[in-house]
Each structure stands twice: as C-alpha cells, then as structure tokens.
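In my numbering, the protein residues as written are 393 to 594.
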Amino acid sequence: MRGRFFVFEGIDGCGKSTQAELLAAALRKRGLKTAHLREPGGTPVGEAVRKLLLDHGKLDLAPMTEVFLFMASRTQLVCDLLRPALDNGDIVVLDRYYYSTAAYQGAAGKVGIPFVLNLADIAGFPQPDRVFLLDLDPTAALARTGAARDRIEQKGLEYQRHVRAGFLEMAKSDPERFRIVNAAQPANAVAQEILREVERVL
Ligand code: TYD
Numbered sequence: 393m394r395g396r397f398f399v400f401e402g403i404d405g406c407g408k409s410t411q412a413e414l415l416a417a418a419l420r421k422r423g424l425k426t427a428h429l430r431e432p433g434g435t436p437v438g439e440a441v442r443k444l445l446l447d448h449g450k451l452d453l454a455p456m457t458e459v460f461l462f463m464a465s466r467t468q469l470v471c472d473l474l475r476p477a478l479d480n481g482d483i484v485v486l487d488r489y490y491y492s493t494a495a496y497q498g499a500a501g502k503v504g505i506p507f508v509l510n511l512a513d514i515a516g517f518p519q520p521d522r523v524f525l526l527d528l529d530p531t532a533a534l535a536r537t538g539a540a541r542d543r544i545e546q547k548g549l550e551y552q553r554h555v556r557a558g559f560l561e562m563a564k565s566d567p568e569r570f571r572i573v574n575a576a577q578p579a580n581a582v583a584q585e586i587l588r589e590v591e592r593v594l
C-alpha cells in the first residue's frame, strides 16, 4: 500500500521546519516508518541545482528560470527518495514541495500559480494527503530570530505578503488537501493540532 504523505508549507520564518521535525519524531516514536525529507534532500543533482539557485544574486535568474530549476531539483528528489519511500509504504514528511514554487515564483514572482501546478501535474508528482500551511503574518515572522530573518529582510515584507497570499489562495481552492494552521500559536499547540489531523488520516 502507498504510504501516507504530509507536506509543510509557509513563508520564511513560519516555523514549518520545526513542525516537520516534531511530526516525524512523533510518528517514529509510535514505531511508524517515517521518511523526513527536505529539498534538495542530499541528491547530488539536487545539490548542484540548488547551488545555482543560491548564486541567484550573481546570476540574475528570471522567475521562470527559477521555476524550472526548483522543479528539476525536486524531480530528482521525487525519483530517488520520495516515490520509493511511498511505494515502500513509509510515511513521508516533506518540508516544502511544489506549492512553494507556486507561491514564491508563481504568485510573488508573477509566473502564475496555475503554471506551476500544471507543471507538477504534467510531471506526475505524487500528491500529498495533507498540506499543512503554517500561516503567519510576515511582520510576525520577521520578529522571530534565525536565518529566516535575513531572507525576509533581503526579499522584503511586500514580497512575503504576496507569497502568503499565494499559499492562502491555493489552500482555499483545495480545502480537502490543505489545512491552514495558525502559526502564531505556541509551537506545542501547533504540533498538537497537526498531530490530531495526521491521526485522522492514518
Ligand atoms: P529552503 O531551502 O526550503 O529553506 P527554508 O525551508 O528554511 O525556507 O528555501 C530557501 C528559500 O527559497 C526560501 O526563501 C524559500 C525559497 N523557495 C522558493 O522561492 N521556491 C521554491 O520552490 C522553494 C522550495 C523555496
């Protein structure tokens, strides 16, 4: 049987990486075989493509170029790790997926959300059982410390607002798959809410 598949999404600094880790740990504690993946996921091709993306400032990539690079890196993750884990019946917890490309490059970068979602569809990417959208106002995210703070400052609050709006638009048009979680709550309350929903799916 195909394994269950959960995705975490949200703007920079929303706390999704922490929540993905908490969920993976909670599932493993229950003895459930769980793969916690994040892009580029350690695939050599993914790492190489990511390096191009990180040199972004120097290269001045068009948003459409970024779309194809993120999708290329992700394709390798899907082929090498994600699909084999699902085929094996494992639970997959994934930190960011093509919804990030749709929100960042699609909505904020003006490529368009449908373009990215259609690409994912054509590529035949596995669809998750649930997407947890950790929703947070960019100013609240900025108030948090850490690496995400630099990124928010670099791209600007306005950009993050467009990203957030893009995520919310997708959540509203696919309510069966998306769960909007208020990420302004304390981390343990967020984790509880997510775990309850995961238990419903399992
Ligand atoms: P990532 O490496 O996933 O780090 P984090 O999970 O800590 O945010 O993302 C790095 C940056 O790249 C982040 O600002 C989000 C952005 N991003 C895109 O613009 N498009 C994408 O498809 C992905 C996956 C990330």
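By construction, the Cβ of each residue, glycine as well, lies at the ideal position given by its N, Cα and C atoms.
Since the model is a prediction, treat every value here as computed from it, not as a measurement.
Less than 8 Å between the CB of residue i and some heavy atom of the ligand TYD, yes or no?
i: Gln497; result: yes
i: Ala540; result: yes
i: Asp487; result: yes
i: Asp527; result: no
i: Glu589; result: no
i: Thr493; result: yes
i: Asp404; result: yes
i: Glu413; result: no
i: Lys502; result: no
i: Lys408; result: yes
i: Arg430; result: yes
i: Glu568; result: no
i: Lys547; result: yes
Use the C-beta contact count for residue i: other C-beta atoms within 10 angstroms, 16 or more gives buried, fewer gives exposed.
i: Ala512; result: buried
i: Glu439; result: exposed
i: Glu568; result: exposed
i: Gly395; result: buried
i: Val593; result: exposed
I'd like to check one pair, residue j with residue i: are the Cβ atoms closer than 9 Å?
i: Gly498; j: Leu509; result: yes
i: Ile514; j: Gly558; result: no
i: Ser397; j: Gln411; result: The question names Ser, but residue 397 is Phe in the sequence shown. Contact flag unset, no.
i: Val459; j: Tyr489; result: no
i: Ala575; j: Asp521; result: no
Can you confirm whether the segment 539 to 552 touches the segment 394 to 411 when touching is taken to mean that 3 or more C-beta pairs between the two stretches lie within less than 8 Å?
A contact exists between the segment 394 to 411 and the segment 539 to 552.
Decide yes or no for the touch test of the segment 428 to 442 against the segment 461 to 469: beta carbon pairs closer than 8 Å, at least 3 of them.
yes
Could you check whether the segment 586 to 593 touches the segment 410 to 427, counting it as contact only if at least three pairs of C-beta atoms, one from each stretch, sit closer than 8 Å?
yes
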